[in-house]
Every structure is written in structure tokens, then in C-alpha cells.
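Colleague: Those sequence lines, one after another, are chains A and B.
When we follow the working numbering, the leftmost residue of the first sequence carries the number 1, and every step to the right adds one.
When we follow the working numbering, the leftmost residue of the second sequence carries the number 1001, and every step to the right adds one.
We put the CB at the ideal spot given by N, CA and C, even for glycine.
One structure, as C-alpha cells, below. Some questions next.
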Amino acid sequence: MPIARDAASAEFFDGTARGELLLRRCTGCGRISAPQARQCPDCAATEFTPAPASGAATLVSWAVPHDREGRPLTVAALVELAEGPWLRLRLTGVAEPAADLSAGLPLTVSFEAVADGETVPVVSVAREGRHETVDRIPAPQEGPTP
Amino acid sequence: MPDPLSSDSNSPAPPAASATFRANPALSPAVVGLGITEMGKVYGRTAPDFAADAVRRAVADAGLRTADLDGLLINSGVRNDLGLELARDLDLRDLRLLDYLQGYGSSAGAMVSFASLAVSSGLATTVACVFADAPLREGRGTGAAYAARKPPSGFDGLLVDAGLASVNARYALAARRHMTTYGTTSEQLGAVAVAQRGWAVRNPLAQLRTPITLADHQASRMIADPLHLLDCCLVSNGGIAVVVTTAERARDLAQPPVHVKGFAQAHPGYPDAGDSAFGLVSGAARSGPAALAMAGASIEDVDVAELYDCYTFTALLSVEDYGFCAKGEGGAFAESGALGPGGGRTAFNTGGGQLSSYYMWGMTPLSEAVIQARGQGGERQAPRNDLVLVSGNGGVLDHHSTLLLSPHAGS
Chain A
1 MPIARDAASA EFFDGTARGE LLLRRCTGCG RISAPQARQC PDCAATEFTP APASGAATLV
61 SWAVPHDREG RPLTVAALVE LAEGPWLRLR LTGVAEPAAD LSAGLPLTVS FEAVADGETV
121 PVVSVAREGR HETVDRIPAP QEGPTP
Chain B
1001 MPDPLSSDSN SPAPPAASAT FRANPALSPA VVGLGITEMG KVYGRTAPDF AADAVRRAVA
1061 DAGLRTADLD GLLINSGVRN DLGLELARDL DLRDLRLLDY LQGYGSSAGA MVSFASLAVS
1121 SGLATTVACV FADAPLREGR GTGAAYAARK PPSGFDGLLV DAGLASVNAR YALAARRHMT
1181 TYGTTSEQLG AVAVAQRGWA VRNPLAQLRT PITLADHQAS RMIADPLHLL DCCLVSNGGI
1241 AVVVTTAERA RDLAQPPVHV KGFAQAHPGY PDAGDSAFGL VSGAARSGPA ALAMAGASIE
1301 DVDVAELYDC YTFTALLSVE DYGFCAKGEG GAFAESGALG PGGGRTAFNT GGGQLSSYYM
1361 WGMTPLSEAV IQARGQGGER QAPRNDLVLV SGNGGVLDHH STLLLSPHAG S
């Protein structure tokens, strides 16, 4: 389902379009917070500069919502980024019934362009030796969509 | 283990309200009326219809008239279609207290807390607290009742993209974290559902009264793995109200008074970072001890516990957080049969809870607690009812309230 940006998420989705997951670095104390943070949890400052995430993450928890016919719809993941913040993202490339998942599993952030909507960050299970890298896809073309 | 809720920082002092009640026992609060409307798949009536009906029933139950009310506290359900206009619907004049509050499943406990403070301080004498909701529509699935109604945008859109639009999936994330941390199993969650159905079989007010087995639970369709259908509560149309007044006034009314001995709230505000206790510890770990301190009691004194159970997991987590068993051992506690009829020292969710009786947010545990404290539970009446605990839970484990009720005045 395509996602529309709003004022609070415009900078974030500019980032995803470039293949960057932008976190928020507090201008007061330097703590890195989640993209949607409104106030630094350490010092209560409200000014941030964008801080691109490395793309390395670990799995905290996951859920698999099903449709009424009992088919799995997606794997929803609660992940902890290497920089600290938690995000709730779609976990791709996992075969049902997702039995191989475990808490602490290394993950990698990548990006998916969606027709008529913003580019979304997703996670997948990190392959050996690729933990630091971020899978990037070409930024979607600017301009009107068909 | 991250456990900010039980850290020694910001430990709550016993609420000052306890001193007020002890200073003047005549003004101590009591629940004197309970009104439960027709419940379940009842169509053609709005939330305001159900709310007014519930208040009229609660007032009549107490032996009062609606004109005797001088306070009204209102909590609306998921559609947010209940408001201060209810006072006009009930033709209430010269109210001295009228308010709307919203803490989701913790609201019922909060309303009784504020009503108790109001009557014990003289702000009002007779306060109705009401919840009503009518999310079910004829010919539509219950899932649709709580489905998102607008297309996703901004950061909320990412939640939808992740598959977390539904509350079911968000609770599934919480449950999974408990399972991977403490080894809790789906079968142990199922034990909660089976135990509560065992109670519902004995409750004429319950919507689901056919006994179930663990195999039924395991075979029920997956809603959001790890949660099966039988891990999830009902959805109901209906309304429930209670009337709170002073102990002195309660003596002359129609029902045995149910005294309010203690109350507290806790709102953990889980951070979205590694030190979050999300899924592991709920606000009940704070609201429970605070309410017990106000009542001058300990958890071992609780005869009946009516726990919020929007999911089996919520009840299991609450059992741990209140200290009925050790942290992480809720699964084993449920598996032992302690939650079913004849289970143990404390009787749990004696009406069948939201899983099997009816889903009226915090009014589900509160209404059953009032019935048990009055000794009116019939076939499901607990053998002891000197102290009854009511637990509310709202959001995704975000908001908690605890009440302690007793048929006995004094401390």
C-alpha cells in the first residue's frame, strides 16, 4: 500500500529515496533517536540533525499477521538499529512459518520503492560478512507517475 | 533484563487520598450501583443509546433515580462517539461534576478513582461512571470493527507497511518478546483461554459458554502469529455503568455496598530503544503495589482478581506483574491450572473475562468484580471475596489502572 509523506516525515522520506535511513541526532547532547522522535529522551532538547543509520540491526521481536483464510500477510519486525533506536519494519525474504527467526538475529536495512508512494525501509536477515553494508536500490524517478 | 518499571527511581509514594478516607470513614467511597445493558451482537443502537441505558440501569440497581446523580464521568470506545451530550440524553440538571476521559482500557479504573476522590472530598455525592461502544455492524466481521479507517501517511504509514496496522499484530509483537525472553509457549497462552472459558460456562452473562480444550486453542486460526483466534477477546456492542457514592449514603441503598479501598494508575511510556520493557513488564507492576499500599494490603490478601484480558497474553503478563507468580513464570502458572475454577488461593477472571464473557474495555473486569464483591456470582461465586482486585490495561500495554474493592467498610 503506498504511503504518503506528511510534514513531519518529509525529510525522512527524502532520505529513503536516496537509500538512507535518517535517524535524529540531538544537537544538545548528541544522542541518536528514532526518526519520529519529537524530543531527546536524554536532555529534552527538540533540535536534531539528520544522522544516516549504518543499516545494521538486530531482531527484537516479530509477528506474522494472517488473513481470514489463514494465509500469512507479512512478517512484522521490531528491530534495534546498531545506533540504538527501535523501529517497526517489514521483514522480507523469510519463508513461512518463519521458524528460523530468533531474538538477536542480525538484520540489514534495505529500501523498496513503492508505486505512487514513498520509498520504504525494510529489513532482511543479514548474510555472512555483509552486516555493515546497506542494500541500495536506485532512487525512484522524479516527476508525475502514470 | 531491562526492567525500568521496577527500578528504584521514581517509586510512587502511597497516594495521599488514603489518609483522606481514613480521616472520615463516612465519606469513604463505595460502588452502589451496576448497570449492564444487552450485550454482544445487538444491532440498531448507538453508543449513546447504550450509555444512557447503562446509567439508568445502574441508578435503578442502586435504588436511586437519575435525578439523584450530581456527577457523570464518561469514557467512549474505539469510535469516540460518546461525549458530554450524554448528560442531556439523561436529562441531568445541575451536575456538579461532568467530564469525559480517555485512557482506553484503563479508563474504568480511572473513572472510579476520580469518582471516589470526588465523593470523599465533597465535590459531588453520587457519581455515575459509564462506558459504551457499538463497533459491530450487522453483516460485517468483527475484525472490521477495529480496522483502521484512513489510508496511511507519514510514520504511521510505516507501521501499516510493516503489517502492524492492527492491534492484534502489535500485541503479537509484545507476546513474542515475552516468549523468546522467558520461554513462554503458545500452549501456556492457551491455558489462559481454556481456564477462562471454564468460568464463562458458569456465567449466564457470558457470550461464549461452550467449553474449549487446549487442542481447540491450538487449532483455532492464526490471527497474528503467535496469537490464535482463541488468544483474542470478543468484540461487543453494549454499555456498562457503575454508581459511586459515600459509605454513609450507601447504607440506605438497595445493594450491598462495595467499598473502594485503593486505586492507582501507571503509564510506563516505553522508550523505543534497547532499555524498553515492552512485552516484558507492564504498568501493573507499579499500579498494583501503589493501590495495595493505599488499601493497606498485600497481594497475598487478594481473594479475587479480575484482570484485563484483551488477549491471553495480557492476563498472563498481569499475573506476573501483580506478583501472583514470579516474573517470567506466568506461563507455568497458567499451565498449572491456577487460573481456572477451583484453581488456587486467588480466583481469577471469574466471569470468563473479555476472552469469553463480553468486551467492555475496563468495565468487563470491574463489573465482574462488583458482582463478586457483592457475593452475587451464583454458580461462579468465589469462596472468599474480602479483597477484590480490578486491573485495567489500555493501548498496547501503555496504560494501567488498579482498583481494590471490598464488601467491608473500614481498614
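Comparing the C-beta of Phe12 of chain A with each C-beta of chain B, is any distance below 9 Å?
Modeller: Yes, Phe12 of chain A lies at the interface with chain B (some Cβ there is under 9 Å from its Cβ).
Colleague: Report the residue from A:Thr49, A:Thr58, A:Ile32 whose alpha carbon sits nearest the alpha carbon of Val125 of chain A.
Modeller: Val125 of chain A has its Cα closest to that of A:Thr58, out of A:Thr49, A:Thr58, A:Ile32.
Colleague: In whole angstroms, give me the CA-to-CA distance for Ser1121 of chain B and Leu1027 of chain B.
Modeller: The straight-line gap from Cα to Cα measures roughly 8 Å.
Colleague: I want to know whether the stretch 8-28 of chain A touches the stretch 1124-1141 of chain B - three or more CB-CB distances under 8 Å.
Modeller: Taking 8 Å as the limit for Cβ pairs, the verdict is that the stretch 1124-1141 of chain B does not touch the stretch 8-28 of chain A.
Colleague: What number of angstroms, rounded off, separates the C-alpha of Leu1404 of chain B from the C-alpha of Gly1340 of chain B?
Modeller: So the alpha carbons of these two residues sit roughly 21 Å apart.
Colleague: In chain order, what residues of the stretch 1216-1236 of chain B put their CB closer than 7 Å to some CB of chain A?
Modeller: Cβ contacts with chain A: Arg1221, Met1222, Ile1223, Ala1224, Asp1225.
Colleague: So, at 6 Å on beta carbons, what are the nonlocal neighbours of Gly1395 of chain B in its own chain, with the 5 sequence-adjacent residues on each side left out?
Modeller: Tyr1104, listed in sequence order.
Colleague: So Leu1073 of chain B contacts chain A; which residues on that side make the cut at Cβ distance below 9 Å?
Modeller: Simply none; closest approach about 30 Å.
Colleague: Say whether chain A places a C-beta atom closer than 9 Å to the C-beta of Asp1272 of chain B.
Modeller: For Asp1272 of chain B, the answer is yes, since a Cβ of chain A falls inside 9 Å of its Cβ.
Colleague: How many Å lie between Ala84 of chain A and Glu1038 of chain B at the Cα?
Modeller: It should be noted that the sequence gives Gly, not Ala, for residue 84 of chain A. Taking the straight line joining both Cα atoms gives about 49 Å.
Colleague: To be precise: take each residue of the stretch 1157-1176 of chain B, compare its Cβ to all Cβ atoms of chain A, and keep it if any distance is under 9 Å. Which residues remain?
Modeller: Those would be Gly1157, Leu1158, Leu1159, Val1160, Asp1161, Ala1162, Gly1163, Leu1164, Ala1165, Ser1166, Asn1168, Ala1169, Arg1170, Tyr1171, Ala1172, Leu1173, Ala1174, Ala1175, Arg1176, in chain order.
Colleague: Looking at C-alpha atoms only, which residue of A:Ser61, A:Gly28, A:Leu78 is the closest neighbour of Thr46 of chain A?
Modeller: Nearest C-alpha to Thr46 of chain A: A:Gly28.
Colleague: Using the rule of at least 16 other Cβ atoms within 10 Å of the residue's Cβ for burial, across every protein chain shown, is His1217 of chain B buried or exposed?
Modeller: Buried: at least 16 other Cβ atoms inside 10 Å.
Colleague: Between which residues of its own chain and Ala1124 of chain B is the CB-CB distance below 6 Å, once the five residues before and five after are set aside?
Modeller: Asp1070, Gly1071, Arg1096, Leu1097, Ala1118, listed in sequence order.
Colleague: For Asp1225 of chain B, does the count of other Cβ atoms within 10 angstroms reach 16, so buried, or fall short, so exposed?
Modeller: Counting Cβ neighbours within 10 Å, Asp1225 of chain B comes out buried, since at least 16 surround it.
Colleague: Residues of chain B with CB under 8 Å from Glu80 of chain A, in chain order?
Modeller: The answer, in chain order, is Ala1273, Gly1274.
Colleague: Quick check on this structure: which residue in B:Met1294, B:Ala1030, B:Val1127 has the alpha carbon closest to the alpha carbon of Ala1264 of chain B?
Modeller: Ala1264 of chain B has its Cα closest to that of B:Met1294, out of B:Met1294, B:Ala1030, B:Val1127.
Colleague: So which residues on chain B does Thr119 of chain A lean against when the C-beta distance must stay under 8 Å?
Modeller: Under the 8 Å cutoff, chain B gives no residues; its nearest Cβ is about 11 Å from Thr119 of chain A.
Colleague: Just the Cα atoms here: how many angstroms apart are Ala98 of chain A and Leu1234 of chain B?
Modeller: Roughly 28 Å separates the two Cα atoms.
Colleague: Expressed to the nearest angstrom, what Euclidean distance is found between the alpha-carbon atoms of Ala113 of chain A and Val120 of chain A?
Modeller: Their backbone Cα atoms lie some 6 Å apart in a straight line.
Colleague: Is the shortest distance between the beta-carbon of Pro1004 of chain B and the beta-carbons of chain A less than 9 Å?
Modeller: Per-residue confidence for Pro1004 of chain B stands at a pLDDT of 44, beneath the threshold of 50, marking its modelled position as unreliable; the derived number appears in the next sentence. Answer no: the Cβ-Cβ gap between Pro1004 of chain B and chain A never drops below 9 Å.
Colleague: Can you list, in chain order, the stretches of the beta strand (DSSP E) that have 3 or more residues and sit fully within the stretch 1229-1262 of chain B?
Modeller: With a minimum length of 3 residues, the continuous beta strand (DSSP E) runs that stay inside the stretch 1229-1262 of chain B are 1238-1246.
Colleague: Out of B:Asp1068, B:Leu1086, B:Arg1251, B:Ala1023, state which residue places its alpha-carbon closest to the alpha-carbon of Asp1049 of chain B.
Modeller: Nearest of B:Asp1068, B:Leu1086, B:Arg1251, B:Ala1023 to Asp1049 of chain B, Cα basis: B:Leu1086.
Colleague: In whole angstroms, what separates the C-alpha of Arg1286 of chain B from that of Gly1109 of chain B?
Modeller: One C-alpha to the other measures close to 15 Å.
Colleague: Quick one: using the 10 Å Cβ neighbour count with 16 as the cut-off for buried, is Leu73 of chain A buried or exposed?
Modeller: Classification of Leu73 of chain A: exposed, given that the 10 Å Cβ count is below 16.
Colleague: Got a sec: which bits of the stretch 17-41 of chain A sit with their beta carbon under 9 Å from any beta carbon on chain B, in order along the chain?
Modeller: Hits within the stretch, in order: Ser33, Ala34, Pro35, Gln36, Ala37, Pro41.
Colleague: Straight-line CA distance for Tyr1322 of chain B to Ser1186 of chain B?
Modeller: Rounded to the nearest angstrom, the two C-alpha atoms are 22 Å apart.
Colleague: Do you know offhand how far Val123 of chain A's Cα is from Ser61 of chain A's?
Modeller: For Val123 of chain A and Ser61 of chain A, the distance between alpha carbons rounds to 13 Å.
Colleague: Does Pro1184 of chain B come within less than 9 Å of chain A when only Cβ atoms are used?
Modeller: Sequence check: residue 1184 of chain B is Thr here, not Pro. No, Thr1184 of chain B does not count as interfacial toward chain A.
Colleague: Please confirm whether Pro1025 of chain B has its beta-carbon closer than 9 Å to some beta-carbon of chain A.
Modeller: No, its Cβ sits nowhere closer than 9 Å to a Cβ of chain A.
Colleague: Given that a residue counts as buried once 16 or more other Cβ atoms are within 10 Å of its Cβ, and exposed if not, what is Tyr1171 of chain B?
Modeller: Burial call: buried.
Colleague: I'd like to confirm the pairing. Which residues does DSSP put opposite Asn1385 of chain B in its beta bridges?
Modeller: Per DSSP, none; premise fails for Asn1385 of chain B.
Colleague: According to DSSP, Arg1093 of chain B sits in a beta bridge with which residue or residues?
Modeller: Note: Arg1093 of chain B sits in no beta bridge, so no partner.
Colleague: Give me the Cβ distance between Ser1318 of chain B and Ala1284 of chain B, rounded to the nearest whole Å; I'm assuming they're in contact under 8 Å.
Modeller: Sure, about 5 Å apart at Cβ, within 8 Å.
Colleague: Quick check: Ala1347 of chain B and Ala1382 of chain B, are their CB atoms within less than 9 Å of each other?
Modeller: Yes, they are a contact pair.
Colleague: Please confirm whether Ser1153 of chain B has its beta-carbon closer than 9 Å to some beta-carbon of chain A.
Modeller: For Ser1153 of chain B, the answer is yes, since a Cβ of chain A falls inside 9 Å of its Cβ.
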